[in-house]
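These protein sequence lines map, in sequence, to chains A and B.
So the first sequence is residues 57 to 472, counted in the numbering used here.
So the second sequence is residues 17 to 237, counted in the numbering used here.
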Amino acid sequence: MPRKVCIVGGATTPFDYGPTGFESIEGGAAECIKETQKDIPDFSMRDLDLMIYSHFSVHFGHQLCSEWIIHDHLGLVGVPHYRVENGGNTGGSALYAASLAVMSGHHDAVGVVGWETMDSVSQSQGSEFIALASDIRYELLVGGIYPIYYAAMANKWMKDNNVSEEDVATIGAKNRNNAMDNPKAQWYRNEHKYITADDVMNSRLISYPIKKYDCCLMSRGVAFVLVCSEEYAKKINPDGYVTIDGMGLSSCTIRAGDRLNFPGWTERYGKGYPGMTEFGACRNAADQAYKMAGIKNPRKEIDFGEIHDAFSTSEAQIYKALYLADENNIAQFLRDESTHMHGEIPMNPGGGLMGYGHPVGATGLMSTIECFYQLSDMIPKKHLSRKTEVADAECGIVNSHAGTGTSISNFILRRC
Amino acid sequence: MGGETITRKKKKFAKEPNFTEKKTYRPEGVKETGLAFIGHEISEDGNTMNQFLHYDQLYTIRHGWNSKFFKGLLEGKIWGTKCPKCGDTWVPVRTHCWNLDCNLEKTEWVEMPLTAKVHTWTIAGWSGRSSLKRLPIVLVYAVIGDSKVAIANELHGIDSWDAEFGMPLKIVFKPKGERSGIITDFHFEPTNDWKPSPTNEEKERIKQLVEPVYEWVKTLK
Numbered sequence: 057m058p059r060k061v062c063i064v065g066g067a068t069t070p071f072d073y074g075p076t077g078f079e080s081i082e083g084g085a086a087e088c089i090k091e092t093q094k095d096i097p098d099f100s101m102r103d104l105d106l107m108i109y110s111h112f113s114v115h116f117g118h119q120l121c122s123e124w125i126i127h128d129h130l131g132l133v134g135v136p137h138y139r140v141e142n143g144g145n146t147g148g149s150a151l152y153a154a155s156l157a158v159m160s161g162h163h164d165a166v167g168v169v170g171w172e173t174m175d176s177v178s179q180s181q182g183s184e185f186i187a188l189a190s191d192i193r194y195e196l197l198v199g200g201i202y203p204i205y206y207a208a209m210a211n212k213w214m215k216d217n218n219v220s221e222e223d224v225a226t227i228g229a230k231n232r233n234n235a236m237d238n239p240k241a242q243w244y245r246n247e248h249k250y251i252t253a254d255d256v257m258n259s260r261l262i263s264y265p266i267k268k269y270d271c272c273l274m275s276r277g278v279a280f281v282l283v284c285s286e287e288y289a290k291k292i293n294p295d296g297y298v299t300i301d302g303m304g305l306s307s308c309t310i311r312a313g314d315r316l317n318f319p320g321w322t323e324r325y326g327k328g329y330p331g332m333t334e335f336g337a338c339r340n341a342a343d344q345a346y347k348m349a350g351i352k353n354p355r356k357e358i359d360f361g362e363i364h365d366a367f368s369t370s371e372a373q374i375y376k377a378l379y380l381a382d383e384n385n386i387a388q389f390l391r392d393e394s395t396h397m398h399g400e401i402p403m404n405p406g407g408g409l410m411g412y413g414h415p416v417g418a419t420g421l422m423s424t425i426e427c428f429y430q431l432s433d434m435i436p437k438k439h440l441s442r443k444t445e446v447a448d449a450e451c452g453i454v455n456s457h458a459g460t461g462t463s464i465s466n467f468i469l470r471r472c
Numbered sequence: 017m018g019g020e021t022i023t024r025k026k027k028k029f030a031k032e033p034n035f036t037e038k039k040t041y042r043p044e045g046v047k048e049t050g051l052a053f054i055g056h057e058i059s060e061d062g063n064t065m066n067q068f069l070h071y072d073q074l075y076t077i078r079h080g081w082n083s084k085f086f087k088g089l090l091e092g093k094i095w096g097t098k099c100p101k102c103g104d105t106w107v108p109v110r111t112h113c114w115n116l117d118c119n120l121e122k123t124e125w126v127e128m129p130l131t132a133k134v135h136t137w138t139i140a141g142w143s144g145r146s147s148l149k150r151l152p153i154v155l156v157y158a159v160i161g162d163s164k165v166a167i168a169n170e171l172h173g174i175d176s177w178d179a180e181f182g183m184p185l186k187i188v189f190k191p192k193g194e195r196s197g198i199i200t201d202f203h204f205e206p207t208n209d210w211k212p213s214p215t216n217e218e219k220e221r222i223k224q225l226v227e228p229v230y231e232w233v234k235t236l237k
């Protein structure tokens with residue numbers, strides 16, 4: 057039997073586009089570790105026996121191997137280190153790598169540091185840089201930014217599933233409003249207002265049916281998560297650790313249009329989940345994670361999630377991929393506000409990418425940290441109130457997502 | 017003592033290309049300056065400093081086995097590839113079949129018809145820096161001929177709110193002198209016999225969203 061993998065702590069810097077006071081990435085990483093040490097005073101840097109660095113783009117970082125700068129700064133010279141990069145799923149993939157390292161028995165305490173410094177360039181240049189992760193020979197020049205590819209997928213998906221613009225607009229409002237309870241969140245730190253679905257509907261067109269407030273934020277930020285064996289977790293945080301009971305990582309095509317007819321689709325994803333508008337990799341990664349965690353009825357057995365809301369439309373598509381709803385009831389699921397704080401399965405109580413922010417390499421780790429806080433009763437300490445606490449949560453899902461659904465990971469976290 | 021002269025011919029996997037046609041489309045003022053620190057700013061309290069790094073680099077995209085597709089664009093042709101084993105055809109092309117049963121079979125080039133069908137569509141009101149002035153842009157994923165996959169490109173020649181799922185398209189190339197072997201050498205247009213459906217609630221909603229985009233683009237320098 058592989059060893060159990062646990063999370064014992066973690067923290068992020070404030071997320072923002074522009075000065076945060078935590079601008080240097082190595083300084084930000086140090087402060088995230090210091091905050092973690094405040095929460096778990098027995099955690100010593102000397103315990104770390106592997107460091108995994110989670111960073112998406114050198115175009116934003118203007119420094120090759122910037123993880124080496126962070127590693128030296130932390131005084132970890134001699135500890136093994138490597139960087140994981142997997143588009144928007146960089147954070148989830150780094151967590152996957154750290155989990156494998158612990159599971160294998162080869163490492164006991166693995167530090168994962170993620171970051172992105174997207175405010176190094178203008179927002180429009182930043183969008184174009186991200187689009188360099190599309191197939192630039194075919195797609196960069198004919199859309200130029202990811203929201204356009206997502207919008208084309210969402211437009212058909214919404215028609216096929218009877219989901220309206222208003223239905224998804226509620227997600228854009230929900231996540232921003234959740235972020236208003238979270239002082240590190242970019243929405244809280246900048247716009248700082250509660251909004252309604254009407255505000256989302258009235259925001260400027262990005263690419264039909266996606267408007268500005270359906271989109272996530274471009275951010276600077278750093279995050280740290282401490283992944284470890286259960287033995288180590290019991291030693292330094294016996295009452296507050298969380299276990300990773302299930303995990304899955306899957307892939308789909310880089311060009312969404314290729315999804316129309318991949319010959320191995322049914323073999324990989326199972327029958328009846330075809331089409332370019334669905335996140336097959338999310339479904340596949342969920343199948344793996346649910347099987348490993350013994351989850352039969354996700355809607356009943358999972359209490360909440362921190363998921364990759366790059367767009368409000370994609371959050372809705374993810375609900376379906378995670379089996380929270382199907383084509384017959386997804387519209388009603390949204391209209392019932394099932395994923396709001398008062399709903400049956402709150403999603404993104406931490407604010408998500410639309411509220412907290414999306415510094416790519418740090419994002420999946422931010423979602424993990426927020427999920428960890430919920431399951432270790434730390435929300436009252438980390439958020440401004442209990443409004444965004446999922447009371448008595450036992451089980452949460454973390455989802456990290458890349459490309460046009462090109463790489464997706466899901467993790468099932470449970471209270472110890 | 018001395019090095020031994022090797023007379024055996026070096027193994028080459030492909031004939032080295034001799035590039036005889038070379039064109040540049042470099043806009044005025046683009047220079048390859050490489051890496052340069054070109055300025056800084058310091059906050060009033062003296063505590064925070066930002067520095068400006070400029071990076072201007074020319075990349076060579078070597079199309080290699082995919083070259084026929086991009087060269088075809090210069091000639092006003094759409095080339096696809098076809099697997100001789102399973103018979104699947106694709107644009108965008110793949111030089112080896114991705115059906116695992118075909119075990120990376122080398123594919124054959126086939127000329128595709130200049131007709132397509134919309135799979136899905138969107139109307140961009142925002143884009144990357146280099147495309148802002150062309151907004152709003154109708155982008156479709158469309159299936160060319162009997163291709164098994166859809167390709168993304170712009171749809172011209174209609175009011176943006178009139179785009180439809182399943183609509184028939186023709187492929188229209190730029191005039192020969194304006195082509196540069198890139199995907200935007202062509203765009204889609206509705207076929208001549210296509211007529212837009214009557215206006216409806218969704219079309220009115222799209223009009224409402226798109227109108228401010230036209231106004232905003234006018235303000236761009």
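Idealized CB from N, CA, C, for every residue including glycine.
In this text, all values refer to a predicted model and were calculated from it rather than measured experimentally.
Of the listed residues the options, nearest to residue i (C-alpha basis)
i      : options                        : result
B/N66  : A/G199, A/I126, A/G74          : A/G74
B/M128 : B/F53, B/K31, B/K192, B/W106   : B/W106
A/M257 : A/K249, A/D270, A/N246         : A/D270
A/M107 : A/R324, A/G408, A/G131         : A/G131
A/L282 : A/L421, A/C272, A/Q388, A/A312 : A/L421
A/F367 : A/K230, A/I81, A/G170, A/K437  : A/K230
A/E221 : A/L196, A/S259, A/E286         : A/S259
Burial state of residue i, where buried means 16 or more other Cβ atoms lie within 10 Å
i      : result
B/Y157 : buried
B/I58  : exposed
A/N353 : exposed
A/R315 : buried
B/I54  : exposed
A/Y109 : buried
B/P13  : For residue 13 of chain B there is no data in the structure shown, the boundaries of chain B being 17 and 237.
A/G313 : buried
A/V198 : buried
B/C113 : buried
A/G123 : The sequence shown places Glu at residue 123 of chain A, not Gly. A/E123 should be labelled buried.
Any chain A beta carbon closer than 7 angstroms to residue i
i      : result
B/L69  : yes
B/S143 : yes
B/L155 : yes
B/V229 : yes
B/E44  : no
B/A132 : no
B/P108 : yes
7 angstroms Cβ cutoff, residue i in contact with chain B
i      : result
A/K212 : yes
A/Q179 : no
A/E172 : no
A/S423 : no
A/E400 : no
A/S183 : yes
A/Y194 : yes
Beta-carbon neighbours of residue i, restricted to chain B and to distances below 8 angstroms
i      : result
A/D223 : Those within 8 angstroms of A/D223 in chain B number zero; the least Cβ separation is about 14 angstroms.
A/H118 : L69, Y71
Within chain A, partners of residue i - CB distance below 9 angstroms
i      : result
B/K164 : D314, L316, N317, F318, P319
B/F181 : N211, K212, K215
B/V226 : L261, Y264
B/T33  : Correcting the residue identity first, residue 33 of chain B is Pro in this sequence and not Thr. In chain order: nothing, as chain A lies at least about 18 angstroms away.
B/H135 : A208, K212, G313, L316, M332
8 angstroms Cβ cut-off: residues of chain A touching residue i
i      : result
B/E127 : Those do not exist, as B/E127 stays about 18 angstroms from chain A at its closest Cβ, beyond 8 angstroms.
Residue i: contacting residues in chain C (beta-carbon distance under 7 angstroms)
i      : result
A/L197 : Within the model displayed, chain C is absent; protein chains A and B are what it includes.
Chain B residues whose Cβ lies nearer than 7 angstroms to that of residue i
i      : result
A/P75  : T64
A/R276 : What A/R276 touches in chain B: nothing, since even the nearest Cβ is about 12 angstroms away.
Neighbouring residues, chain A, relative to residue i (Cβ below 7 angstroms)
i      : result
B/N4   : No information on residue 4 of chain B is available, as it lies outside the stretch 17 to 237 that chain B covers here.
B/S147 : G200
B/N169 : V198
When the Cβ atoms of the stretch 62-71 of chain A are set against those of the stretch 114-128 of chain A, are three or more pairs found closer than 8 angstroms? no
Three-pair Cβ contact test at 8 angstroms for the stretch 166-185 of chain A versus the stretch 337-351 of chain A: No, the stretch 166-185 of chain A does not touch the stretch 337-351 of chain A.
Should the stretch 413-429 of chain A be regarded as contacting the stretch 354-364 of chain A, the criterion being three or more beta carbon pairs within less than 8 angstroms? The stretch 413-429 of chain A, when compared against the stretch 354-364 of chain A, does touch it at the 8 angstroms Cβ threshold.
Evaluate contact between the stretch 25-33 of chain B and the stretch 41-56 of chain B, counting only Cβ atoms and requiring at least three cross-stretch pairs below 8 angstroms. Counting C-beta pairs with one atom in each stretch, the stretch 25-33 of chain B and the stretch 41-56 of chain B have fewer than three that are closer than 8 angstroms, which means they do not touch.
So does the stretch 452-472 of chain A actually touch the stretch 284-304 of chain A, counting three or more Cβ pairs closer than 8 angstroms? Because the criterion of three Cβ pairs below 8 angstroms is met, the stretch 452-472 of chain A and the stretch 284-304 of chain A touch.
Do three or more CB pairs link the stretch 142-150 of chain A to the stretch 452-463 of chain A at distances below 8 angstroms? Yes: at least three Cβ pairs fall under 8 angstroms.
Is the stretch 183-195 of chain B in contact with the stretch 120-134 of chain B, if contact means three or more CB pairs nearer than 8 angstroms? yes
Any contact between the stretch 136-143 of chain B and the stretch 205-213 of chain A? By contact I mean 3 or more CB pairs, one from each, below 8 angstroms. yes
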